[in-house]
Each structure stands twice: as C-alpha cells, then as structure tokens.
Ligand SMILES: NC(=O)c1ccc[n+]([C@@H]2O[C@H](COP(=O)([O-])OP(=O)(O)OC[C@H]3O[C@@H](n4cnc5c(N)ncnc54)[C@H](O)[C@@H]3O)[C@@H](O)[C@H]2O)c1
C-alpha cells in the first residue's frame, strides 16, 4: 500500500512538473513574439566544421560562408565544399583530417592556428552510422563508431 502511495505521489509531482514546463514554454513563445532574439553575426568568425565535406556539414559550411564566416573544414574524404564556397566569393580552408585519430587532430589544429588563427565556433558534425543491429555489429564497427562519434569530440575540444 505504501508503495502505491509513493508511486501516486511521484505521478502527481510529475504532472505538476509537466504542467509547469508547458506553461513556461508557452510564456517563452509569447516572449519571443514580442521580444524576438537578436541574431548573432558570424561575419569574420572562424568556424570549424568537422565532416564538412558532405551532407549536413557541407550545407552548413556553404550557408555560413554566405553569411561571411571564415570556414575551416576537416574531413577524412576529399570534398568540393571549399570550391563551392570560393566560387560564391567565400573563404574556406580545408584539411584532410581523421577526427578519430587524436594525433592527426592535434597536428591539424596546429596547422589551423598557423594558417587561419583561433577558432571561434566549433561544429562537431563528423559522424558515422553502421546501420546494423547492435548484436550483428562486428567489434571493429562498434569500436570505430565510438572513436568517431564519441572520442573524437574530446580530441577536437582538447586542442
Ligand atoms: N542525416 C541524418 O538524418 C542524421 C540524423 C541524426 C544525426 N545525424 C548526424 O549528423 C552528422 C552529419 O550527418 P550526415 O547525414 O550529413 O552525414 P554524412 O555521412 O553525409 O557526412 C558525414 C561527413 O563526415 C565525414 N567523416 C566521417 N568520418 C570521419 C572522420 N573519422 N573524420 C573526419 N570526417 C569524417 C564524412 O567524410 C562525411 O563528409 C553525423 O554526425 C550524423 O551522425 C544525421
């Protein structure tokens, strides 16, 4: 009986918290209608995008370059992102870098500092998906997924 009371107490408390969160979100929406957030300018900012050679990273790179950002791309594969940005009058520096390799990340970081300067915004976008069920995934695939999708974030932030 006491367990049932405990559960119903927590469920009531959860309902109160849910209602409070909904009300706070609603207030936030109303506030944003009357006091819209001020957009930050990225003009001249050095923005590093890992995995900027393809997909979402590439789209972000092209759009941010149009806003005047200096784009730095690290990708494991060759890419035409830099060419597209330069054709549109933007600035882009590209480096071949495997973000899962900490030594390569530190070496690339040194080159960026020398060639471009300090990075203002980091977009940790590079990632892989093996598309297999967990139990069907070979050890090497799981290890690589963690190296690219998890550990790489530490190497990139540490530089
Ligand atoms: N597309 C989606 O629907 C979706 C959904 C959720 C999350 N994501 C995540 O968003 C990110 C981008 O997704 P996407 O669909 O554009 O991926 P994508 O495969 O199109 O592009 C990923 C880029 O990362 C690069 N890359 C892969 N491993 C790398 C490594 N070790 N070092 C450096 N670069 C490497 C690839 O060469 C490629 O250019 C990924 O992290 C992905 O997991 C995507």
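Numbering (the working numbering), first residue to last: 376 to 534.
Glycine is no exception: its CB is placed at the ideal position from the N, C-alpha and C atoms.
The model shown is predicted, which means the values in this text are computed figures rather than measured ones.
Distance cut-off 7 angstroms: residue i Cβ against heavy atoms of ligand 2
i, result
"residue 436", "Ligand 2 is absent from the structure shown, which contains only ligand 1."
Separation of residue j from residue i, as counted between CA atoms
i, j, result
"residue 444", "residue 497", "12 angstroms"
"residue 414", "residue 384", "43 angstroms"
"residue 562", "residue 488", "Nothing about residue 562 can be read from this structure; the chain reaches only from 376 to 534."
"residue 521", "residue 513", "13 angstroms"
"residue 536", "residue 510", "With the chain covering only 376 through 534, there is no way to say anything about residue 536."
"residue 419", "residue 491", "11 angstroms"
"residue 507", "residue 410", "46 angstroms"
"residue 382", "residue 394", "18 angstroms"
"residue 430", "residue 460", "15 angstroms"
"residue 389", "residue 396", "10 angstroms"
"residue 448", "residue 517", "25 angstroms"
"residue 408", "residue 399", "14 angstroms"
"residue 494", "residue 452", "22 angstroms"
Buried versus exposed, by CB contacts within 10 Å (16 or more), residue i
i, result
"residue 387", "exposed"
"residue 515", "exposed"
"residue 433", "buried"
"residue 422", "buried"
"residue 405", "exposed"
"residue 403", "exposed"
"residue 484", "buried"
"residue 464", "exposed"
"residue 436", "buried"
Test item: CB-CB of residue i and residue j under 8 angstroms
i, j, result
"residue 519", "residue 503", "yes"
"residue 438", "residue 454", "no"
"residue 428", "residue 458", "no"
"residue 425", "residue 499", "yes"
7 angstroms CB neighbourhood of residue i in its chain, flanking five on each side removed
i, result
"residue 527", "474, 475, 501"
"residue 477", "530"
Beta-carbon contacts of residue i that lie in its chain and below 6 angstroms, excluding the five residues immediately before and after
i, result
"residue 482", "none"
"residue 486", "none"
Sequence-distant residues of its chain with Cβ nearer than 8 angstroms to residue i (five each side left out)
i, result
"residue 479", "472, 473"
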